[in-house]
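Here is the structure we will look at, set down as structure tokens.
There are 2 protein chains.
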Amino acid sequence: MPRNKPRKQPPARSAKPYRDSSGATLADYPQPSVAVDTAVLTLAPRAHPAPGAAPHRLSVLLVRRPEGVDGPQWALPGTFLHQGERLADAVTRSLTEKAGITGGHPAQLAVFDEPDRDERGWVLSVAHLAVIGYAALDDALLAHPDRVRLAPVSRLEPLPYDHKAIVAAAVRELRRRYADRPDPEHLLGARFTFRELRDVHEAIAGTTLHHEAVAGTLQKDTFRRAMDPHLQGTGTMSTGTIGRPSQRFRRTR
Amino acid sequence: MPRNKPRKQPPARSAKPYRDSSGATLADYPQPSVAVDTAVLTLAPRAHPAPGAAPHRLSVLLVRRPEGVDGPQWALPGTFLHQGERLADAVTRSLTEKAGITGGHPAQLAVFDEPDRDERGWVLSVAHLAVIGYAALDDALLAHPDRVRLAPVSRLEPLPYDHKAIVAAAVRELRRRYADRPDPEHLLGARFTFRELRDVHEAIAGTTLHHEAVAGTLQKDTFRRAMDPHLQGTGTMSTGTIGRPSQRFRRTR
DNA sequence: CTTAGTTAGAGCAGAAATGATCTAACACTG
DNA sequence: CAGTGTTAGATCATTTCTGCTCTAACTAAG
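Line order of the protein sequences matches chains Y and X. All residue numbers for the first sequence refer to my numbering, where the first residue is 1 and numbers rise by one. All residue numbers for the second sequence refer to my numbering, where the first residue is 1 and numbers rise by one.
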């Protein structure tokens with residue numbers, strides 16, 4: 001939850017206060033505090049990838065809350081909106097300040113508006129999703145292991161406020177994006193093999209369905225055929241990987 | 001745009017001001033004004049239904065703006081958030097106050113956060129969708145034709161602020177909901193014939209595709225087969241309708 | 001009453017999608 | 001070097017889906 005040093009600025013109003021038909025300015029309306037909270041999702045490499053299991057684990061970034069707060073000690077990174085700031089910029093700023101992370105294109109998820117959701121007062125929170133590759137997170141995780149860490153989204157630990165609902169919404173949105181396009185968030189590089197692509201999609205889908213069919217369709221053949229029209233082969237082949245070498249592909253368009 | 005008489009309340013803060021680690025209260029953070037704007041979508045009956053064309057027209061509710069404002073004279077209904085109010089409640093209130101309309105379950109669409117979107121100052125707008133049957137709107141339209149009217153969403157007239165984008169988002173969301181379920185917003189009653197159902201879905205989809213196939217699949221047979229599992233027949237048959245009588249259906253679950 | 005126009009609903013053949021099978025090509029182990 | 005395990009990619013039979021056709025049942029117009 002946001003808790004930076006506040007800038008002691010006056011409430012928002014235009015230079016020449018606008019007055020409406022009843023002679024009131026905007027400042028006469030009650031104004032909630034507005035915060036952004038972000039579920040940063042990434043694929044963490046599994047320490048000991050069980051044979052046949054996905055080598056990645058869909059994880060969410062947590063930051064340690066200030067000393068002395070009640071409840072869970074870890075939460076999603078967030079911040080209050082600064083004067084005139086765009087929501088996406090506030091998200092980017094919060095990630096830089098709280099976790100030393102750059103990059104990611106924040107996407108709005110929903111506004112959480114329960115009046116009592118924050119014991120500090122009336123706070124609206126705009127939940128966001130940011131998908132960031134593990135490589136871009138690694139530095140921050142190593143530099144501040146006491147303040148920043150990853151948690152798997154399956155069997156998620158208790159989180160304060162409605163952060164659990166935010167993570168759930170973020171995962172839903174991510175799965176929706178990955179349902180019909182090959183790695184749209186570029187968790188892989190520009191070129192990749194089919195296996196690499198499938199590992200990413202399986203980790204995000206959360207199902208191991210290596211062979212077993214599951215409602216919603218993600219099986220070896222189905223997956224390949226669904227992604228095929230959005231891929232084009234580069235001539236080059238993978239080397240050094242296990243099994244028969246695969247052509248490397250890149251996304252079309 | 002909202003412009004009611006403001007309640008001269010102080011900015012939001014808890015009874016016992018919460019102080020964070022730097023001793024600041026929430027009121028020390030700059031706070032934007034928060035408004036809700038709602039695209040009320042309905043199916044207006046067509047005056048002269050051309051033969052073969054859908055008898056409904058997907059329309060959005062507009063309210064007249066106060067005298068003397070620049071730009072378009074009609075806009076989406078909206079209001080500023082009251083102290084401690086839920087967003088959905090503010091939407092319901094704005095519809096009652098501005099248009100005398102009750103009912104509808106508002107759904108959040110997105111937050112519009114351009115700092116300069118409103119010349120009166122820093123205003124965040126949370127866009128909403130409400131789907132309301134024409135019958136519930138008819139009274140208000142007849143009672144206040146000078147203040148409330150419907151406009152077709154195809155070839156939408158110019159609207160102030162980013163209201164055109166809000167309508168576009170609302171239509172997109174409505175189409176998504178109607179893509180795989182029979183009339184989920186209950187624009188029809190509990191029982192209806194297949195033709196009535198198809199007229200509603202075609203009006204929402206915007207395509208006339210009576211026979212002609214279109215990418216995205218909505219053809220007579222395809223539509224019937226897609227909706228079939230979500231419908232169950234009541235024994236009764238329609239009477240007085242044109243063509244062969246149809247069984248009346250109701251939604252399952 | 002007859003004819004034209006419209007809709008409901010079943011039936012059918014061709015098209016497309018699915019899941020399995022099979023072979024090729026590599027790494028790794030002993 | 002032979003054997004095992006893994007993956008890539010093509011091929012195939014079967015299931016499922018799609019769009020069309022056909023008949024039945026009604027209204028409205030002449």
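A virtual CB, placed ideally from N, CA and C, is assigned to each residue, including glycine. Because the structure is a prediction, the values reported are computed rather than measured.
Based on Cα-Cα distance, which residue from the options lies nearest to residue i?
i: residue 128 of chain X; options: X:134, X:140, X:111; result: X:111
i: residue 150 of chain X; options: X:117, X:43, X:91, X:227; result: X:43
i: residue 125 of chain Y; options: Y:39, Y:155, Y:201, Y:182; result: Y:39
i: residue 184 of chain Y; options: Y:204, Y:169, Y:167, Y:168; result: Y:204
i: residue 225 of chain Y; options: Y:131, Y:54, Y:198, Y:241; result: Y:198
i: residue 231 of chain Y; options: Y:239, Y:181, Y:201; result: Y:181
i: residue 132 of chain X; options: X:31, X:92, X:252; result: X:92
i: residue 174 of chain Y; options: Y:222, Y:130, Y:163; result: Y:130
i: residue 60 of chain X; options: X:35, X:99, X:229, X:121; result: X:99
i: residue 148 of chain X; options: X:95, X:57, X:45, X:32; result: X:95
i: residue 134 of chain Y; options: Y:163, Y:113, Y:118, Y:103; result: Y:103
i: residue 164 of chain X; options: X:117, X:144, X:179; result: X:117
i: residue 64 of chain Y; options: Y:220, Y:177, Y:144; result: Y:144
i: residue 142 of chain X; options: X:106, X:168, X:113, X:101; result: X:101
i: residue 123 of chain Y; options: X:119, X:140, X:167, X:29; result: X:29
i: residue 196 of chain Y; options: Y:242, Y:171, Y:235; result: Y:242
i: residue 31 of chain X; options: Y:172, Y:45, Y:220, Y:80; result: Y:80
i: residue 254 of chain Y; options: Y:153, Y:109, Y:166; result: Only positions 1 to 253 of chain Y appear in the structure, and residue 254 of chain Y is not among them; the question remains open.
i: residue 161 of chain X; options: X:62, X:119, X:168; result: X:119
i: residue 222 of chain X; options: X:201, X:239, X:233; result: X:201
With DSSP run on the structure shown, which of helix, strand or coil describes residue i?
i: residue 246 of chain X; result: coil
i: residue 174 of chain Y; result: helix
i: residue 195 of chain X; result: helix
i: residue 253 of chain Y; result: coil
i: residue 234 of chain Y; result: strand
i: residue 220 of chain Y; result: helix
i: residue 209 of chain Y; result: With a pLDDT of only 47 at residue 209 of chain Y, under the threshold of 50, the placement of this residue in the model should not be trusted; the figure read from the coordinates follows. Residue 209 of chain Y: coil per DSSP, three-state reduction.
i: residue 225 of chain X; result: helix
i: residue 163 of chain Y; result: helix
i: residue 186 of chain X; result: coil
i: residue 259 of chain X; result: Because chain X in this structure spans residues 1 to 253, residue 259 of chain X falls outside the shown range and cannot be described.
i: residue 119 of chain X; result: coil
i: residue 23 of chain Y; result: With a pLDDT of 44 at residue 23 of chain Y, under the threshold of 50, the predicted position of this residue should be treated as unreliable, and no value is reported.
Does any residue of chain Y have a CB that is nearer than 8 angstroms to the CB of residue i?
i: residue 78 of chain X; result: no
i: residue 86 of chain X; result: yes
i: residue 254 of chain X; result: This structure leaves residue 254 of chain X out entirely; chain X is present only between 1 and 253.
i: residue 81 of chain X; result: yes
i: residue 110 of chain X; result: yes
i: residue 161 of chain X; result: no
i: residue 270 of chain X; result: One cannot answer for residue 270 of chain X here, as it falls past the ends of chain X, which runs 1 to 253.
i: residue 126 of chain X; result: yes
i: residue 30 of chain X; result: yes
i: residue 18 of chain X; result: Note that residue 18 of chain X scores 46 on pLDDT, short of 50, meaning its location in the model is unreliable and no value can be drawn from it.
Distance cutoff 8 angstroms, beta carbons only. Does residue i sit that close to anything in chain X?
i: residue 33 of chain Y; result: yes
i: residue 106 of chain Y; result: no
i: residue 72 of chain Y; result: no
i: residue 216 of chain Y; result: Interpretation of residue 216 of chain Y is limited by its pLDDT of 46, a score under 50 that renders its predicted location unreliable; no figure is taken from the coordinates.
Just to confirm, does residue i get its C-beta within under 7 angstroms of one of the non-hydrogen atoms of the ligand SAM?
i: residue 151 of chain Y; result: The ligand SAM is not part of this structure, which contains no ligands at all.
Practice task
Specify whether the region 71-90 of chain X and the region 243-252 of chain Y touch according to this definition: at least 3 beta carbon pairs, one from each stretch, less than 8 angstroms apart.
Solution key: In this structure the region 71-90 of chain X does not touch the region 243-252 of chain Y; the number of beta carbon pairs closer than 8 angstroms is below three.
Problem - beta strand (DSSP E) runs wholly inside the region 28-116 of chain X, at least 3 long, in chain order - result: Listed in chain order, the beta strand (DSSP E) runs fully inside the region 28-116 of chain X are 33-45, 56-64, 78-80, 107-112, counting runs of at least 3 residues.
Exercise for the section: Give a yes or no on contact between the region 152-165 of chain X and the region 175-194 of chain X, applying the rule of three or more CB pairs nearer than 8 angstroms. Expected result: Output reads no: the region 175-194 of chain X does not touch the region 152-165 of chain X.
Handout entry: beta strand (DSSP E) runs contained entirely in the region 123-158 of chain X, provided each spans 3 or more residues
Key = The beta strand (DSSP E) runs of length 3 or more contained entirely in the region 123-158 of chain X are, from start to end of the chain, 123-131, 148-152.
Practice task
Answer yes if the region 57-73 of chain X comes into contact with the region 69-80 of chain Y, meaning at least three C-beta pairs across the two stretches below 8 angstroms, and no otherwise.
Solution key: When Cβ pairs closer than 8 angstroms are counted between the two stretches, the region 69-80 of chain Y is seen not to touch the region 57-73 of chain X, the count staying below three.
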